Amino acid sequence: MAAAAVGGILLASVTLYAVLGGADFGGGLWDLLAGGDRRGRAPRALIEESITPVWEANHVWLIFDLVIFWTAFPHAFAAVMTTAALPLWLAVAGIVLRGAGFAFREELSRLPQQRAAGATFAFSSLLTPFFMGTVVGAIASGQIPANAGHASLSAWTSATSLLTGLLFVAACSYLAAVYLVGEAARRGDRRLQDYFTRRAQAAAIVTGALSLAALAELHTSNPALFSHLTGRALPLVIIAGLSGLAVLTLLTASRLSGIRVLAGLGVAAVIWGWGVAQYPELLPGTTMTLTDTGTPHATLIAIIWLSAAAILIVGPAYALLFSLQGRQVLQANDAGARFHAQPGSRGEGDRRTGRLTRLTRGELRQWRRPASPQRTEVRRPRPTGTGHGQTHDP
4 MAAAAVGGIL LASVTLYAVL GGADFGGGLW DLLAGGDRRG RAPRALIEES ITPVWEANHV
64 WLIFDLVIFW TAFPHAFAAV MTTAALPLWL AVAGIVLRGA GFAFREELSR LPQQRAAGAT
124 FAFSSLLTPF FMGTVVGAIA SGQIPANAGH ASLSAWTSAT SLLTGLLFVA ACSYLAAVYL
184 VGEAARRGDR RLQDYFTRRA QAAAIVTGAL SLAALAELHT SNPALFSHLT GRALPLVIIA
244 GLSGLAVLTL LTASRLSGIR VLAGLGVAAV IWGWGVAQYP ELLPGTTMTL TDTGTPHATL
304 IAIIWLSAAA ILIVGPAYAL LFSLQGRQVL QANDAGARFH AQPGSRGEGD RRTGRLTRLT
364 RGELRQWRRP ASPQRTEVRR PRPTGTGHGQ THDP
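The numbering used here applies: residue 4 is where the sequence shown begins, and numbers increase by one.
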């Protein structure tokens, strides 16, 4: 029972990372496809302003996943990390390069350098979900052996793995586009709302098609998992499909209420459908199950309590962060006056983006050289008279 509870916690944290962090990765695809500097300026600005306050916080759930996986199910963790070492390292490299590209693009002053950093951010945003998807596809198709002794190329390059990798990229872009539609509507930007609506509709169709293709491929690669997906997990599969159709319908009708929740629900239903279909197996095709490969019962109980404590600590902070972001409190007010930066900062605030702008050399020199106090002219006494008996006129 404790092992099943820990498995549920692990699946819940995977869901949170997919629904929240996945949208950040999807933003990189739309950044890449936004067009040239002039045409893509507005979409990129909205993507950047939406991601900036939360993109680092969303990686909390990935760390949570890894810690629970290796602590609760160390043998399965070792098998996955050994067999799929290459795609996992490529996914990690994508996370690092993506963060570097996103951060340095704002600091670089020359256009070619900004373009290079932007391309790094965009391509790395595709790299990570794709290779993560290939690892999940390798697990689902039973390509991870129990006693893995070395990395395997064939384990994660099967048709199921590659389709799952493409599905991950499509799902991330779908979530990002739907979230950006809501963000544009909240700001009253009808042009960007229509822009991302078209992309959300296209991404929803592509994601649905890839989901059906991956499901059909599972019929060949892992018939047992396919039968469970179309059996006991079928309600979740139906929920995922209906959520996608509902989002498409609402976008077409320009009714945006609840589309973010529905999009997240659809992705969550796919993840939980996979978990329910695979239960109680950790690695299909092996004897590894939740109860057979778990750590001692006392350790599992400790993980449950620590997970509850972590949610109580992180949950309110996370809710506050998203609440402030939703109300645009974390950005400068468009109606407000430009604030003046203090010595040691980079410059004045940009009213549109809420970021600090670079200073000219003249402005820097003014800040570095403190203003001298205003002099008060003191008149010297003017002598009158001559010789030793002279007097002074005040």
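Beta carbons are placed, not taken as given, at the ideal position from N, Cα and C, and that holds for glycine.
Note that the structure is a prediction, hence the values are computed from the model and not measured.
Quick check on the DSSP output: the alpha helix (DSSP H) that includes residue i runs from which residue to which?
| i | result |
| --- | --- |
| T123 | L114 to A143 |
| I71 | V63 to A75 |
| A103 | A88 to E110 |
| A298 | Checking the displayed sequence, the identity of residue 298 turns out to be Thr instead of Ala. Here T298 belongs to no alpha helix (DSSP H), and DSSP marks it neither H nor E. |
| G39 | Per DSSP, G39 belongs to no alpha helix (DSSP H) and is neither H nor E. |
| G244 | L237 to T255 |
So, at 8 Å on beta carbons, what are the nonlocal neighbours of residue i in its own chain, with the 5 sequence-adjacent residues on each side left out?
| i | result |
| --- | --- |
| A272 | L239, V240, I242, A243 and S246 |
| S161 | G140, A141, S144, Q146 and S224 |
| I71 | V9, I12, L13, S16, I306 and S310 |
| T405 | Nothing can be reported for residue 405, as the shown portion of the chain is limited to 4 through 397. |
| Q204 | L251, L254 and T255 |
By how many angstroms is the C-alpha of residue j removed from the C-alpha of residue i?
| i | j | result |
| --- | --- | --- |
| R361 | T210 | Residue placement at R361 is poorly supported in this model, since its pLDDT is 43, which falls under 50; the coordinates still yield a value, given next. So the two alpha carbons sit approximately 41 Å from each other. |
| W370 | L323 | For W370, the predicted structure reports a pLDDT of 41, less than 50, and the residue's modelled location is therefore unreliable. A value from the coordinates is still provided. Looking at the two C-alpha atoms, the distance is approximately 36 Å. |
| G24 | C175 | 8 Å |
| G10 | S112 | 48 Å |
| F229 | R190 | 44 Å |
| G39 | R118 | 10 Å |
| G278 | D34 | 32 Å |
| E52 | D197 | 18 Å |
| A7 | L169 | 29 Å |
| L32 | P299 | 43 Å |
| S214 | T86 | 25 Å |
| V63 | A320 | 12 Å |
| S257 | W159 | 40 Å |
| E110 | A120 | 10 Å |
| A82 | L114 | 45 Å |
| P77 | G329 | 39 Å |
| D192 | R42 | 16 Å |
| A151 | F67 | 24 Å |
| T296 | G261 | 40 Å |
| A188 | G97 | 31 Å |
| A125 | M4 | 43 Å |
| A79 | S127 | 28 Å |
| L218 | A212 | 10 Å |
DSSP three-state label for residue i, please.
| i | result |
| --- | --- |
| E284 | strand |
| T223 | helix |
| T18 | helix |
| T292 | strand |
| A180 | helix |
| I147 | coil |
| T55 | coil |
| M84 | helix |
| Q158 | For clarity, residue 158 is Ala in the given sequence; the question names Gln instead. Three-state DSSP puts A158 in coil, outside helix and strand. |
| S326 | helix |
| D353 | Only weak support is given to the placement of D353: the predicted model assigns it a pLDDT of 44, under 50, and the value that follows is read from those uncertain coordinates. Note: D353 maps to coil in three-state DSSP. |
| G10 | helix |
| L309 | helix |
| S260 | coil |
| R371 | Any reading at R371 needs caution, since the residue's pLDDT is 42, under 50, leaving its predicted position unreliable; the model's value is listed next. Three-state DSSP puts R371 in a helix. |
| H153 | coil |
| G43 | coil |
| G25 | helix |
| G318 | helix |
| G30 | helix |
| G267 | helix |
| G278 | helix |
If you drop the 5 nearest sequence neighbours on each side, which residues of the same chain put their C-beta closer than 6 Å to that of residue i?
| i | result |
| --- | --- |
| F134 | P90, L93 and A94 |
| H231 | A280 |
| A266 | L178, V181 and V250 |
| R202 | A180 |
| P132 | F28, F171, V172 and C175 |
| T123 | L100 and G104 |
| S164 | T137, G140 and A141 |
| T289 | A149 |
Can you find the residues in the same chain that come closer than 7 Å, C-beta to C-beta, to residue i, ignoring five residues on each side of it along the sequence?
| i | result |
| --- | --- |
| I274 | L14, V17, T18 and A21 |
| A206 | A173, S176, Y177 and A180 |
| T292 | P283, E284 and L285 |
| E440 | Because the chain here runs from 4 to 397, residue 440 falls outside it and cannot be looked at. |
| S129 | In the sequence as displayed, the identity of residue 129 is Leu instead of Ser. Same-chain partners within the cutoff: G31, L32 and V172. |
| Q377 | Only weak support exists for where Q377 lies, its pLDDT of 49 falling under 50; the value from the coordinates is given anyway. Result list for Q377: empty, nothing under 7 Å. |
| I54 | D27 and G30 |
State yes or no: is the beta carbon of residue i nearer than 8 Å to at least one beta carbon in chain D?
| i | result |
| --- | --- |
| R202 | Although the question refers to chain D, the structure presented lacks it and comprises just one protein chain. |
In chain order, what are the residue ranges of uninterrupted alpha helix (DSSP H) at least 4 long that sit wholly in the region 160 to 217? 162 to 189
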